[in-house]
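K.L.:
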Amino acid sequence: MTAFWLAIQYVLARPLLNALTALGVAAGIALVVATGALTKAAQRSAQDSAGGYQLLVAAKGSPVQAVLSTLFFVEAPTGNIPFEIYDRVRNDPGVAVAVPFNFGDNYRGHFIVGTTDDYPKLIQASTGRKAQFAAGHWPRDAFDVAVGAAAANSSGLKIGDRFTAAHGFIELPKDLAKQHDEHMYKVVGVLSAIDAPADRAIFTTLDTAWLVHDRPRTPLPPTTSPAKPAEITALLLHGKSYGDVARLSAQLSQRSEVQAVFPGRVATQIMGYLQRGQSVLTAMAWLAACIATFAVMVSLLAASIERRRQIAMLRAIGASRGVVFGVLAAEAGIIAGIGAIVGVLLGHLSAHLVAWQVSNRSGLHLVPASFGISDLTIAFVAVLLGIAAGAVPAYIACREDVARNLAPMT
4 MTAFWLAIQY VLARPLLNAL TALGVAAGIA LVVATGALTK AAQRSAQDSA GGYQLLVAAK
64 GSPVQAVLST LFFVEAPTGN IPFEIYDRVR NDPGVAVAVP FNFGDNYRGH FIVGTTDDYP
124 KLIQASTGRK AQFAAGHWPR DAFDVAVGAA AANSSGLKIG DRFTAAHGFI ELPKDLAKQH
184 DEHMYKVVGV LSAIDAPADR AIFTTLDTAW LVHDRPRTPL PPTTSPAKPA EITALLLHGK
244 SYGDVARLSA QLSQRSEVQA VFPGRVATQI MGYLQRGQSV LTAMAWLAAC IATFAVMVSL
304 LAASIERRRQ IAMLRAIGAS RGVVFGVLAA EAGIIAGIGA IVGVLLGHLS AHLVAWQVSN
364 RSGLHLVPAS FGISDLTIAF VAVLLGIAAG AVPAYIACRE DVARNLAPMT
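First residue of the sequence shown? That's 4 in the numbering used here, and the numbers climb one at a time after it.
Structure follows, in structure tokens:
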């Protein structure tokens, strides 16, 4: 009978306790795996969703807030900017496409985004994802809307439906929400899923927000300058060359009321935040795993006390201290190994469940990586930790007095 086979028999002899011990290890390893998978998925998603856009023009404030509001639709904007900036930029010979945005209202937590039909073209140019319609068309008249795929699924909106919006950017209880009951929206289009934040938004014409909030309406294209120029919330643009983008950024940054933001840089900054957060969370997860392996040590210490007579018999029939040590260390490794395998599986399952929830709630499309070398490394480290934890009770068992433990029990 080999030491490994004997270790398996020891594990099977205490199924419930060993299963609970392995489950503790699994919980710690699951935290390590899920944290790493989700952080990497968030980093990829942030880069994919923001990295392809060239320049964002928004009101002075936090660049991160400006990017989160305009590209991800998950944060209130930094303010409004004059419409004439859009009017000037779109007529600049160095601009390939310029897309304005108006924010201010929501429907069941989904941003209602006033923009132009250039926005789908900008999405494709920036992310490579083509915005197509599952039904209907892009809104042409004020208060017509096109609903993103995720927004349509969660709200139940379909072609021909009418609804009213609430002021603000989050869904509030009915007694607190300020409803725009005098304005009725009509669904004229439903977009196909593109796995992007746009799936969570509801799109309408640019002038709809001006009409809802009683702002002066500027015709598109403007024929005359109104006495009080209208405002927009933000502006995304692509230049015909990077030199044009740099020139426009420098020009716009001279204005006191606006900021020119490079979304790719902000995405890198966001990934840096995520990286630092991952370091802390991973350290805490490994701490939980180490605490779980301490439970392995305690469990085997109790088991070695119960098995004093069995261990003494092994020594009496010729088993060396090294063999006894190997049996108990292997038992610890088996328990930790089972916990590690279960933990890796649970970690990936948890990561996919959290990613699904985040995608549904925020439109930030997360795709956790499948099983890979990193999982094998984590499992291997967990087994080593288990063996190290089992070394303590194994050493104590090897030092026991054989003759005393073989003495007849009275």
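Backbone N, C-alpha and C define an ideal beta-carbon position, used for all residues, glycine too.
It should be emphasised that the depicted structure is a prediction, and the values quoted were computed from it without experimental measurement.
Return the residue from the list V100, F146, R203, D90 that minimises the CA-CA distance to G117.
P.N.:
Counting from 1 along the sequence shown, the entry for residue 117 is found at position 114. When only C-alpha atoms are compared, the closest one is F146.
K.L.:
Using beta-carbon positions only, say whether Q57 and H241 come within less than 8 Å of one another.
P.N.:
As a working mapping, residue 57 is identified with position 54 in the sequence shown. As a working mapping, residue 241 is identified with position 238 in the sequence shown. Going by C-beta atoms, Q57 is nearer than 8 Å to H241.
K.L.:
Kindly indicate which residue of R47, L9, G107, V386 has the alpha-carbon position closest to the one of L209.
P.N.:
To locate residue 209, count along the sequence shown from 1; it is residue 206. Closest by alpha carbon: G107.
K.L.:
Can you give me the Cβ contacts of D121 inside the same chain, cut-off strictly under 7 Å, excluding the 5 residues immediately before and after it?
P.N.:
Position 118 of the sequence shown holds residue 121. These residues qualify, in order along the chain: V100, V102.
K.L.:
What span of residues does the beta strand (DSSP E) with L189 cover, start to end?
P.N.:
Here residue 189 refers to the residue found at position 186 when the sequence shown is read from its first residue. Residue identity differs from the one stated: residue 189 is Lys in this sequence, not Leu. Run containing K189: 188-194, per the beta strand (DSSP E) assignment.
K.L.:
What first and last residue would you give for the alpha helix (DSSP H) that runs through Y89?
P.N.:
For the purposes of this step, residue 89 is identified with residue 86 of the sequence shown, where counting begins at 1. Run containing Y89: 86-93, per the alpha helix (DSSP H) assignment.
K.L.:
Verify whether the separation of the beta carbon atoms of A134 and L369 is less than 8 Å.
P.N.:
Stepping through the sequence shown from its first residue, residue 134 is reached at position 131. Stepping through the sequence shown from its first residue, residue 369 is reached at position 366. Cβ atoms of A134 and L369: not closer than 8 Å.
K.L.:
Pick helix, strand or coil for V102, following the three-state DSSP scheme.
P.N.:
The count along the sequence shown starts at 1 and reaches residue 102 at position 99. Strand, per DSSP.
K.L.:
What did DSSP end up calling G139 once you bin it into helix, strand or coil?
P.N.:
Translated into positions along the sequence shown, residue 139 becomes position 136. Looking at G139 - three-state DSSP - the assignment turns out to be strand.
K.L.:
Can you grab the Cα-Cα spacing for the pair A10 / A332, in whole Å?
P.N.:
Taking the sequence shown and counting its residues from 1, one reaches residue 10 at position 7. Taking the sequence shown and counting its residues from 1, one reaches residue 332 at position 329. Going from the Cα of A10 to the Cα of A332 covers about 8 Å.
K.L.:
Check G73 in the structure and name its three-state DSSP category.
P.N.:
Counted from its first residue, the sequence shown places residue 73 at position 70. Sequence check: residue 73 is Thr here, not Gly. Looking at T73 - three-state DSSP - the assignment turns out to be helix.
K.L.:
Beta carbon of G389, beta carbon of G340: below 8 Å?
P.N.:
By one-based count along the sequence shown, residue 389 stands at place 386. By one-based count along the sequence shown, residue 340 stands at place 337. Yes, these two residues count as a Cβ contact at 8 Å.
K.L.:
Buried or exposed for M187, going by 16 or more other Cβ atoms inside 10 Å?
P.N.:
As a position in the sequence shown, residue 187 is number 184, starting the count at 1. So M187 ends up on the exposed side.
K.L.:
Which residue spans inside the region 245-295 form an unbroken beta strand (DSSP E) run of at least 3?
P.N.:
DSSP runs (the beta strand (DSSP E)) wholly in the region 245-295: 261-264.
K.L.:
Taking Cβ to Cβ, would you say V191 is nearer than 8 Å to V148?
P.N.:
Within the sequence shown, numbered from 1, the residue matching residue 191 stands at position 188. Within the sequence shown, numbered from 1, the residue matching residue 148 stands at position 145. Yes, they are a contact pair.
K.L.:
Going by Cα to Cα distance, which pick from A397, G393, T380, V386 is closest to G39?
P.N.:
One-based indexing of the sequence shown puts residue 39 at position 36. For G39, the nearest C-alpha among the options comes from T380.
K.L.:
Considering just the uninterrupted stretch of the beta strand (DSSP E) at L125, what are its terminal residues?
P.N.:
Numbered from its first residue, the sequence shown carries residue 125 at position 122. Per DSSP, L125 belongs to no beta strand (DSSP E); it is in the alpha helix (DSSP H), 122-130.
K.L.:
Measure the Cβ-Cβ separation of A69 and V264 and say whether it is below 8 Å.
P.N.:
In the sequence shown, counting from the first residue as 1, residue 69 sits at position 66. In the sequence shown, counting from the first residue as 1, residue 264 sits at position 261. The answer is yes: Cβ separation under 8 Å.
K.L.:
If you check the beta carbons only, do L239 and T73 fall under 8 Å apart?
P.N.:
By 1-based counting over the sequence shown, the position of residue 239 is 236. By 1-based counting over the sequence shown, the position of residue 73 is 70. Cβ atoms of L239 and T73: closer than 8 Å.
K.L.:
Could you give the first and the last residue of the continuous alpha helix (DSSP H) run that contains T484?
P.N.:
Since the first and last residues shown for the chain are 4 and 413, residue 484 lies out of range.
K.L.:
Helix, strand or coil for I235, going by three-state DSSP, please let me know.
P.N.:
Counted from its first residue, the sequence shown places residue 235 at position 232. Three-state DSSP puts I235 in a strand.
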